[in-house]
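Trainee:
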DNA sequence: TGTAATTAAATTGAACTCAATTAAATTATA
DNA sequence: TATAATTTAATTGAGTTCAATTTAATTACA
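Residue numbers (the working numbering), protein chains in the order written: chain Y, 1 to 146; chain P, 147 to 292.
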């Protein structure tokens, strides 16, 4: 009798990756109306989230936190600079490093953004226990991969 | 005493969306070496996965399954057509519908692709119970959003 | 010291994603 | 039946993502 496991696993629903991919995009989509109000994209928003905590950080470290590389971050940071939310300048100690720093205007944006998570949270229909479980499993996958 | 919950929730780690977004991209990245062998992108691959099950489907229905719209699918389907894996033709019954059908060559690719899930699965360091829990929670979020 | 190796960011090019718009076909209804 | 509303794909444009390459700076070490 033939073994169908491999063929079975080629079903969309049988792979973890697909719901992960679809769910990620759908949840990011929930942010849009709220981020539109702030004239921010999701990528710009999470970049600012790091800077609201760190004040100053180089592109490399920022990329490690966001799992993004300079190919993605360079245009995002230039755009945030144009909007007046960050400054970009080379480190005096090591000219290879580009230091990104939040501006006063960028700090102010935090006040306007602070209700976003709660508002988006409403469309994620999980109990806090389920959300915690999901959160932990996602980081387990993420940590297990590096 | 002031309430800091809203500020707290602006931390990257405090939102479910970020690990979802990062995890999705990292897991998709794991597919690359295997899909490179087949000269397929991830989006092309999941499109074929649907067609391996359905044989024929219109763009609308395909988009519902993949959570993608024609803006994304049209170029993907044209590319798969160029590679000889699918055909695209308007429905006789309703000229608005574009019917996508798997070709014999597309069917053959399934044989080559069948080991991909198992090979990628190795880099997801979860027990089968954890994987099932994660899977169910992702679909709960996804289903709760439509 | 001088050269090689490494590191950080920018750039390039291909592909994806999505919102908004357009065009064509179909369906509903006045 | 004629017109209006709806539906389906395609198109457009902005922004993202990533691999690969390039450039400049720093570090390692012969």
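Positions of the beta carbon are idealized from the N, C-alpha and C atoms, including for glycine.
Quick caveat: nothing in here was measured; it's all calculated off a predicted structure.
Please determine if the segment 128-137 of chain Y and the segment 275-285 of chain P are in contact, where contact requires at least 3 C-beta pairs separated by less than 8 Å.
Mentor: The segment 128-137 of chain Y is in contact with the segment 275-285 of chain P.
Trainee: If we require 3 or more residues per run, which beta strand (DSSP E) segments fall completely within the segment 246-271 of chain P?
Mentor: With a minimum length of 3 residues, no continuous beta strand (DSSP E) run stays inside the segment 246-271 of chain P.
Trainee: Under three-state DSSP, which class holds residue 88(Y)?
Mentor: Strand, per DSSP.
Trainee: For residue 1(Y) and residue 239(P), what's the separation of their Cα atoms in angstroms?
Mentor: Low per-residue confidence applies at residue 1(Y): pLDDT is 40, beneath 50, and the placement is therefore not dependable, though the value from the model is reported in the following sentence. Each residue's alpha carbon lies about 42 Å from the other.
Trainee: Can you name the start and end residues of the beta strand (DSSP E) that residue 202(P) belongs to?
Mentor: Unbroken beta strand (DSSP E) run through residue 202(P): 202-204.
Trainee: When you compare only the Cα positions, how much space is there between residue 288(P) and residue 143(Y)?
Mentor: Distance between the alpha carbons of residue 288(P) and residue 143(Y): 23 Å.
Trainee: Mind checking who residue 80(Y) pairs with in its DSSP beta bridge?
Mentor: According to DSSP, residue 80(Y) bridges with nothing at all.
Trainee: Just the Cα atoms here: how many angstroms apart are residue 129(Y) and residue 252(P)?
Mentor: Those two C-alpha atoms are separated by around 43 Å.
Trainee: So with Cβ pairs under 8 Å, would you call residue 263(P) a contact of chain Y?
Mentor: Yes, residue 263(P) counts as interfacial toward chain Y.
Trainee: Have a look at residue 232(P) and residue 32(Y) and give me their C-alpha separation to the nearest angstrom.
Mentor: Approximately 34 Å, taken between the alpha carbons.
Trainee: If contact means a Cβ-Cβ distance below 8 Å, which residues of the segment 27-48 of chain Y contact chain P?
Mentor: Answer in chain order: 27, 28, 30, 31, 42, 46.
Trainee: Quick one: is residue 277(P) near chain Y, going by C-beta distance under 8 Å?
Mentor: Chain Y contact via Cβ: present.
Trainee: In the DSSP assignment, find the alpha helix (DSSP H) that holds residue 20(Y) and state where it starts and stops.
Mentor: Segment 17-37, the alpha helix (DSSP H) holding residue 20(Y).
Trainee: Start and end of the alpha helix (DSSP H) containing residue 94(Y)?
Mentor: Element bounds for residue 94(Y): n/a, residue is neither H nor E.
Trainee: Alpha carbon to alpha carbon, what distance is there between residue 16(Y) and residue 80(Y)?
Mentor: Rounded to the nearest angstrom, the two C-alpha atoms are 34 Å apart.
Trainee: Which stretch, first to last residue, makes up the alpha helix (DSSP H) that contains residue 281(P)?
Mentor: Run containing residue 281(P): 274-290, per the alpha helix (DSSP H) assignment.
Trainee: Compute the Euclidean distance between the alpha carbons of residue 124(Y) and residue 114(Y), then round it to the nearest angstrom.
Mentor: Roughly 18 Å between the two C-alpha positions.
Trainee: In three-state DSSP terms, what is residue 68(Y)?
Mentor: Of the three classes helix, strand and coil, the one that applies to residue 68(Y) here is coil, per DSSP.
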